[in-house]
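Notes to accompany the following structure.
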Amino acid sequence: MRRIYLDHAATTPVDPRVAEAMAAVYRDAPGNPSSIHDEGRQARALMDTARERVAAAIGAEPSEIVFTSGGTEADNLAVRGTVAALRHKGDHVVTTAIEHHAVLDTVSELEREQNVRLTVLPVDRYGRVDPEDVREAITARTVLVSVMHANNEIGTIEPIAEIGRICRERNVVFHSDAVQTVGALEVDVRRLPVDLLSLNAHKFYGPKGVGALYVRKGTPFARIQTGGGQERDRRAGTENVAGIVAMGAALEIATRERAIESPRLARLRDLLLSGVRDAIDDVVVNGHPTERLPNNASLCVRGVQGESLIVALDLAGIAASSGAACTTGSLEPSHVLLAIGLSRELAQGSLRLTLGRATTDEDVDVVLGELPRIVSRLRAASPVA
Amino acid sequence: MRRIYLDHAATTPVDPRVAEAMAAVYRDAPGNPSSIHDEGRQARALMDTARERVAAAIGAEPSEIVFTSGGTEADNLAVRGTVAALRHKGDHVVTTAIEHHAVLDTVSELEREQNVRLTVLPVDRYGRVDPEDVREAITARTVLVSVMHANNEIGTIEPIAEIGRICRERNVVFHSDAVQTVGALEVDVRRLPVDLLSLNAHKFYGPKGVGALYVRKGTPFARIQTGGGQERDRRAGTENVAGIVAMGAALEIATRERAIESPRLARLRDLLLSGVRDAIDDVVVNGHPTERLPNNASLCVRGVQGESLIVALDLAGIAASSGAACTTGSLEPSHVLLAIGLSRELAQGSLRLTLGRATTDEDVDVVLGELPRIVSRLRAASPVA
Amino acid sequence: MYSDVVVEHFTNPRNIGVVENADGRGQDSNPVCGDFTRITVRLADGKVAEAKFKTFGCSAAIASASMVTTLAVGKSIDHASRISAQDVLAALGGLPLVKEGCALMAAGALRSAIADAKVRAG
Amino acid sequence: MYSDVVVEHFTNPRNIGVVENADGRGQDSNPVCGDFTRITVRLADGKVAEAKFKTFGCSAAIASASMVTTLAVGKSIDHASRISAQDVLAALGGLPLVKEGCALMAAGALRSAIADAKVRAG
Ligand SMILES: Cc1ncc(COP(=O)(O)O)c(C=O)c1O
Ligand SMILES: Cc1ncc(COP(=O)(O)O)c(C=O)c1O
Chain A
2 MRRIYLDHAA TTPVDPRVAE AMAAVYRDAP GNPSSIHDEG RQARALMDTA RERVAAAIGA
62 EPSEIVFTSG GTEADNLAVR GTVAALRHKG DHVVTTAIEH HAVLDTVSEL EREQNVRLTV
122 LPVDRYGRVD PEDVREAITA RTVLVSVMHA NNEIGTIEPI AEIGRICRER NVVFHSDAVQ
182 TVGALEVDVR RLPVDLLSLN AHKFYGPKGV GALYVRKGTP FARIQTGGGQ ERDRRAGTEN
242 VAGIVAMGAA LEIATRERAI ESPRLARLRD LLLSGVRDAI DDVVVNGHPT ERLPNNASLC
302 VRGVQGESLI VALDLAGIAA SSGAACTTGS LEPSHVLLAI GLSRELAQGS LRLTLGRATT
362 DEDVDVVLGE LPRIVSRLRA ASPVA
Chain B
2 MRRIYLDHAA TTPVDPRVAE AMAAVYRDAP GNPSSIHDEG RQARALMDTA RERVAAAIGA
62 EPSEIVFTSG GTEADNLAVR GTVAALRHKG DHVVTTAIEH HAVLDTVSEL EREQNVRLTV
122 LPVDRYGRVD PEDVREAITA RTVLVSVMHA NNEIGTIEPI AEIGRICRER NVVFHSDAVQ
182 TVGALEVDVR RLPVDLLSLN AHKFYGPKGV GALYVRKGTP FARIQTGGGQ ERDRRAGTEN
242 VAGIVAMGAA LEIATRERAI ESPRLARLRD LLLSGVRDAI DDVVVNGHPT ERLPNNASLC
302 VRGVQGESLI VALDLAGIAA SSGAACTTGS LEPSHVLLAI GLSRELAQGS LRLTLGRATT
362 DEDVDVVLGE LPRIVSRLRA ASPVA
Chain C
10 MYSDVVVEHF TNPRNIGVVE NADGRGQDSN PVCGDFTRIT VRLADGKVAE AKFKTFGCSA
70 AIASASMVTT LAVGKSIDHA SRISAQDVLA ALGGLPLVKE GCALMAAGAL RSAIADAKVR
130 AG
Chain D
10 MYSDVVVEHF TNPRNIGVVE NADGRGQDSN PVCGDFTRIT VRLADGKVAE AKFKTFGCSA
70 AIASASMVTT LAVGKSIDHA SRISAQDVLA ALGGLPLVKE GCALMAAGAL RSAIADAKVR
130 AG
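Residue numbers (our numbering), protein chains in the order written: chain A, 2 to 386; chain B, 2 to 386; chain C, 10 to 131; chain D, 10 to 131.
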């Protein structure tokens, strides 16, 4: 059975061109970039090129890119690093209720263990943060504001330009988790007033295990991983050369293809959403109607539980996800869906379909054929519907 | 010109079988292991197998393996995690003067910023720690002893079994950085009394950017990277599936081939060392005469500076390294060479040749042809020799 | 992840619905995840003549409810009320560890339906 | 990393050694890395007739010393004593930023050798 993969927000397949670039590194450039011999210098040159590519894609200087092991490390570095660097100045962090756990769990841990004071801002029913809430939350003790660029579950794009301007006015470091947007939307730090920005290769058809933090020149910074002084002493550890090369290649491809690919995805996504609304009663579409990622369709289906939707779709050859991943036995409804005001029960019926490069009109048709059948079957067995 | 790569302690080339295993993951297993659909479960299954392989290679349980982004992160996790987990019990850490910067810089930072008390033990002229020194250093407030299994510069193997027994007696957590030994020597945690052990794929022909920390069941533990709760909540971040698969494959191969490969390397290393001693006056061989890594030849050549040796060898087609890597403009003689009692001047003339799978008798002959010529040329220009 | 039997009972669940004029109604829930299963039974001649379920829950919860009703129908009341989570698991060919609570919930709902019928009868 | 000229002057350094009966001796060192260069000169007819070096240092330090002695020989004393780190860098086709101190050290050693000769000459 041909599978239809609609979980690109979780991870994207590696572009074959990117995989080939990695294979070439493994074949031809075995050196450690810290070594001064030819093998080392070749590895460094490849890494330098990749750094230039990543920087160019977001309008940054190469020296402003710190490669990490992924989006989670980038978020940890941004949050923990800034709090450590500015501890003498203050102890207050502002963030939102819909951040990824890489930010939320990090600030909570800092609150619990390092007495950091935390303001977690609410969002409206579309998942948008009000910039005025940010303005009001900032105090003289605020050292960091962290608001994601777009949400990974519901796809809503946040008004980070406005939030950034407010942070600038108040002289507060502004971090944005752009893991879901870089590659899909234009992100240009020359125009966007952000100080720190998290990137993640495996969300734009690069490999898992490599990401980056953009650090605007002059931003206070403290490293969190110590050792050999790599990345200009900002992130120790032998560099994942092949991963970094892959990230550069993947981002260059994504940036080049974005102008055609993003509208194509948005059109398919809209087809999917209107088809779902036509065919299934009592389904709620989550996220902002217009300010949203082009590839994200987030739904809640009343009366059924997300996991059973996912499993039924999986058995029908369609890979999807649910905000409520019942993997550990305890099914917590997604904090994002609760934050936009859904009831626990409705939030439990969430379904996220995220489209990607391989998605076709035909795929959308298949989903629109299967999903209504699956929903009626599950609703027939449900005591709620 | 055919190059001779003798810098395997810095990094090893990726085994083609391992590279193919990674390529297969990129081709066939694009999923995120946290996803419950088929693609996710396949990714998880691959990761589970790799975890079993890594565990089996060191006699551990799969649940005792925490994958990381490399040796540096494994060391940071061991040191920072243990200190955080046991903060209520004590604040004293014991380590040695010859640890890798991933341990040394980490404990120094904890000393500076978190008031951890530090004992840095000396080593003898062969680079060996005296287990009795460890016994004496341990106090009621000691929470961690960290002693590397073998040193990356001079190759000396430390008496970690004895040190581990002392730590057990005193009920202190014992970490060993085994980045240079796993794959090259037998390491079996069923017999070795270690609680935490750092591993690093790119030292045994796996890729850069993936490592692991072995955590013996029951060892107090605190995570340092927060987010999605991966690795049983011990290390957040989407798993580097291909890297993990590669690490499993690489370690299995290394373990299988070790019985033949390690003696082969030791023989070549001995040929190299005796050839050097015969052909060059006034050269010191560093490290322990017998308790040493099979592939490590560490020398100091009086009257010349390491960087010029490395560059001259590089121009002659031989990749080597020096404890004193003059990359940042400031040439600090290696802390390891100073710790074994060498003068700064002698330490500056260090040369490390580390052999590997591709090294042949002929390579050794080439080095023995080039090196004496290079040394006399450099000594001719030297005011010291 | 799931055995063929689980997949089959999830994809084509048996005994969906509510028994009309049921003799007993039972419910059990999983406090951790908020899933719940309702079972209704009709007894006749000392046996479980009919058993139907409704489940708000994950695939394993649905398959477990389908299986427990299948196991119950035709059994003596005594026998049916002793159907355990283990029996459900065995019949399903096992569940992942984290999902074993689903079998517990199904067995619990059946047991409470039969208990309810006994009380009403008596 | 290094230009062809640097490689050539490192691999085949010119003017290695100590000038016999030198008119002037100079030394300069790089305090950060402990490298040092000694230069000896013989002057004749208002020119640098001979200049030789000994260097304990990295490849760039050796190439710089070789180059500065090459530049000095045959030049007027005045001209030679004005040879700068910039001149050495230019003649070498540049050095990596972190290695520019090596050119400074070479120029410094030459200058101090010529100054020494001037002092001795009275
Ligand atoms: C918005 C956002 N931030 C951070 C992350 C964390 O990235 P990773 O798990 O790859 O480290 C993700 C992806 O999972 C994400 O979607
Ligand atoms: C003994 C030792 N520990 C730790 C490390 C750090 O490993 P990495 O830089 O790959 O993170 C290395 C290698 O560089 C090493 O040799």
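Quick reminder that beta carbons are idealized off the backbone N, C-alpha and C, glycines included.
Interface with chain B (8 Å Cβ-Cβ cutoff): Val97 of chain D is excluded. The beta-carbon of Val312 of chain A is placed less than 8 Å from the nearest beta-carbon of chain C. Interface annotation for the region 219-245 of chain B against chain A: Ile225, Gln226, Thr227, Gly228, Gly229, Gly230, Ala237, Gly238, Thr239, Glu240, Asn241, Val242, Ala243 and Gly244, criterion Cβ-Cβ distance under 8 Å. Contact residues of the region 53-68 of chain D toward chain B are Phe62, Lys63, Thr64, Phe65, Gly66, Cys67 and Ser68 (C-beta to C-beta distance below 9 Å).
Neighbours of Val16 of chain C in chain A, taken as residues whose beta carbon is under 8 Å from its own, are Leu316 in chain order. If you check the CB distance, Ala75 of chain B and Thr69 of chain B come in under 8 Å.
Within the model, the alpha-carbon separation for Leu119 of chain D versus Gly249 of chain B is close to 58 Å. For Asp364 of chain A, the shortest C-beta to heavy atom distance toward ligand 1 is 7 Å or greater. In this model, Phe19 of chain C and Leu310 of chain A are separated by some 11 Å (Cα to Cα).
Annotation for Gly228 of chain A: no alpha helix (DSSP H) segment contains it, and DSSP assigns it neither H nor E.
Boundaries of the beta strand (DSSP E) harbouring Ser351 of chain A: Ser351 to Thr355, taken from the DSSP string. Sequence-ordered contacts of the region 30-52 of chain B with chain A read Pro31, Gly32, Asn33, Ser35, Ser36, Ile37, His38, Asp39, Glu40 and Gly41 [C-beta pairs closer than 8 Å].
Residue range Asn297 to Val302 is occupied by the beta strand (DSSP E) that includes Asn297 of chain A.
One thing to note: Thr107 of chain A has its Cβ no nearer than 8 Å to the Cβ of His150 of chain A. For Val15 of chain B, the chain A residues whose Cβ falls inside 9 Å of its Cβ are Val26, Tyr27, Arg28, Pro31 and Ala243, in order along the chain. Rounded to whole angstroms, the gap between the alpha carbons of Val174 of chain A and Cys42 of chain D is 38 Å. Sorting B:Cys301, B:Pro31 and B:Cys168 by C-alpha distance to the C-alpha of Pro334 of chain B places B:Cys301 at the top. Your pair Tyr6 of chain B and Glu40 of chain A checks out as a contact, with CB atoms roughly 6 Å apart and the cut at 8 Å.
Positions of the beta strand (DSSP E) runs, each at least 3 residues long and wholly inside the region 4-81 of chain B, are given as 66-69 in order along the chain. Taking all protein chains shown into account, Ala103 of chain A has 16 or more neighbouring C-beta atoms within 10 Å of its C-beta and is therefore buried. Between the region 86-96 of chain C and the region 121-128 of chain C there are three or more C-beta pairs closer than 8 Å, enough to call the two in contact. DSSP places Ala320 of chain A in the strand class (E or B) of the three-state scheme.
In the three-state scheme derived from DSSP, where H, G and I count as helix and E and B as strand, His93 of chain A is classed as strand. For His176 of chain B, there is no enclosing alpha helix (DSSP H); the enclosing beta strand (DSSP E) has its first and last residue at Val174 to Asp178. Any Cβ of chain A closer than 8 Å to the Cβ of Gly43 of chain C would place that residue at the interface, and such an atom is present. Within chain A, no C-beta atom comes nearer than 8 Å to that of Lys90 of chain B; the closest sits roughly 16 Å away. When DSSP states are grouped into helix, strand and coil, Lys63 of chain D belongs to the strand group. Secondary structure note for Thr79 of chain D: its alpha helix (DSSP H) is the uninterrupted segment Ser68 to Ala81.
Non-local C-beta neighbours of Leu52 of chain D in its own chain, meaning closer than 7 Å and more than five positions away in sequence, comprise Asp32, Ala58, Ile86 and Ala126, ordered along the chain. Look at Pro208 of chain A: its C-beta is under 8 Å from a C-beta on chain B. With a contact defined as Cβ atoms closer than 8 Å, Thr361 of chain A and Asn33 of chain A miss out at about 43 Å. If you ignore the 5 residues before and after Asn241 of chain A, its C-beta comes within less than 8 Å of the C-beta of Phe68, Ser70, Gly210 and Val211, all in its own chain and listed in chain order. For Asp76 of chain A, the distance from the CB to the nearest heavy atom of ligand 1 is below 7 Å. Judged by the Cβ position, Ala103 of chain B qualifies as a neighbour of ligand 2 at the 7 Å threshold, a heavy atom of the ligand being closer than this. DSSP, read as helix, strand or coil, puts Gly244 of chain B in helix.
In this structure, the CA atom of Val190 of chain A is about 30 Å from the CA atom of Val26 of chain A.
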